[in-house]
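Below: the structure, in structure tokens.
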DNA sequence: TCTATATAGCACTAATCTAGTACCGATTTC
DNA sequence: GAAATCGGTACTAGATTAGTGCTATATAGA
Ligand code: FES
Ligand code: FES
């Protein structure tokens, strides 16, 4: 169902909390307690985010993590990308397989995968941590169709 | 890395092929051979797509599958949704858990997940099978940044 | 200096999910 | 009636994810 891993899920929960405490450094233990998440996971995730440059860490007593950039300058794509690697929706569009996939000779879609990835990346890039950390969104769970193809029926896809 | 399953991947490859043969019915075996994919998988995928109403099937000798709607009226979201269920990026935003997830009481992101899902859904909805089945896209593998947050660096995300 | 606190990094296990296969029944053409 | 082809379900092996554990390193304060 096009899902992100739980690590990335937790990552966003943690980042939103840090966005609210803006400059104050919070320890992994404190964050785990606030968000009611398992401490080892929280610890692992924060380490990864720090290595990716999204958080700055302070070791030792009274240490902890804080955002490396203002919340408006961090996007959902940044966080997910840091925790799951580059956003590539199919094996085909990943880099590193010598640049191309084994089915390429028989495939006419190949040029379109990057477009699809790009579309998703743009969608995630357009959502900032600042927006996500606002206590309540203006637009709740309501459905809001924008661009649809001809006969597609929104009710079939209860997001 | 936000990936779709291989089933959905194959599904798109098969649908694009069917889009090119438009009205002509093709058997699972023929499609598997053309796309060089394992027949049992192809068979399974086509069954699912038919049940979802995206394909019409004809049984018996000379039978096969053909598109139920014109390619312009089928989107990437339709295909992926049919093969992987509704597009829900996290456990939290799925329906059916009595409507809400266990972390809700301690979570301030909750209202934003639907927006994120919606963004991705719109991105996929905006790509039609007609576009995907064109032999070669106008815009190849080139990078094309649209909406970016402040300091995000496109080069960090080699889609 | 010593100790408590906290991150850094790596290795490991169990549970879950995916990919792929197999089988049997139903339907249509010849 | 025989051959082709779809319909549905159940099953297995492999890959991935979720979560844990341990040790080293750095900092603050007594
Ligand atoms: S699926 Fe890889 S080239 Fe088309
Ligand atoms: S993660 Fe489920 S309510 Fe926030």
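Chains as they are written, first to last, in the numbering used here: chain A, 1 to 159; chain B, 1 to 159. Quick reminder that beta carbons are idealized off the backbone N, C-alpha and C, glycines included.
What does a CB cutoff of less than 6 Å around residue i pick up in its chain, not counting 5 residues either side in sequence?
{"i": "residue 126 (chain A)", "result": "none"}
{"i": "residue 37 (chain A)", "result": "10"}
{"i": "residue 105 (chain A)", "result": "none"}
{"i": "residue 55 (chain B)", "result": "49, 65 and 68"}
{"i": "residue 110 (chain B)", "result": "104"}
{"i": "residue 57 (chain B)", "result": "50 and 65"}
With the cut-off set at 9 Å, would you say residue i and residue j are in Cβ contact?
{"i": "residue 14 (chain B)", "j": "residue 45 (chain B)", "result": "yes"}
{"i": "residue 77 (chain B)", "j": "residue 130 (chain B)", "result": "no"}
{"i": "residue 122 (chain B)", "j": "residue 89 (chain B)", "result": "no"}
{"i": "residue 2 (chain A)", "j": "residue 3 (chain B)", "result": "yes"}
{"i": "residue 25 (chain B)", "j": "residue 62 (chain B)", "result": "yes"}
{"i": "residue 120 (chain A)", "j": "residue 120 (chain B)", "result": "yes"}
Could you spell out the range, first to last residue, of the beta strand (DSSP E) harbouring residue i?
{"i": "residue 63 (chain B)", "result": "No beta strand (DSSP E) holds residue 63 (chain B); DSSP gives it neither H nor E."}
Near residue i, which residues of its chain fall below 8 Å by C-beta distance, leaving aside the five closest residues on each side in sequence?
{"i": "residue 8 (chain A)", "result": "79, 80, 83 and 84"}
{"i": "residue 28 (chain A)", "result": "39, 42, 43, 46, 64 and 65"}
{"i": "residue 60 (chain B)", "result": "none"}
{"i": "residue 5 (chain A)", "result": "83 and 84"}
How is residue i classed by DSSP in three states: helix, strand or coil?
{"i": "residue 56 (chain A)", "result": "strand"}
{"i": "residue 110 (chain B)", "result": "helix"}
{"i": "residue 31 (chain A)", "result": "helix"}
{"i": "residue 37 (chain B)", "result": "coil"}
{"i": "residue 23 (chain B)", "result": "coil"}
{"i": "residue 128 (chain B)", "result": "strand"}
{"i": "residue 102 (chain A)", "result": "coil"}
{"i": "residue 70 (chain B)", "result": "coil"}
{"i": "residue 134 (chain B)", "result": "coil"}
{"i": "residue 5 (chain A)", "result": "coil"}
{"i": "residue 168 (chain B)", "result": "What the structure shows of chain B is the stretch from 1 to 159, and residue 168 (chain B) is not part of that stretch, so it cannot be assessed."}
{"i": "residue 88 (chain B)", "result": "coil"}
Report all residues from its chain with a CB closer than 7 Å to the CB of residue i; omit the five preceding and five following residues, and keep chain order.
{"i": "residue 34 (chain B)", "result": "17"}
{"i": "residue 71 (chain A)", "result": "19, 128, 129, 130 and 133"}
{"i": "residue 52 (chain A)", "result": "82"}
Taking the alpha helix (DSSP H) that residue i belongs to, which residues open and close that run?
{"i": "residue 79 (chain B)", "result": "76–84"}
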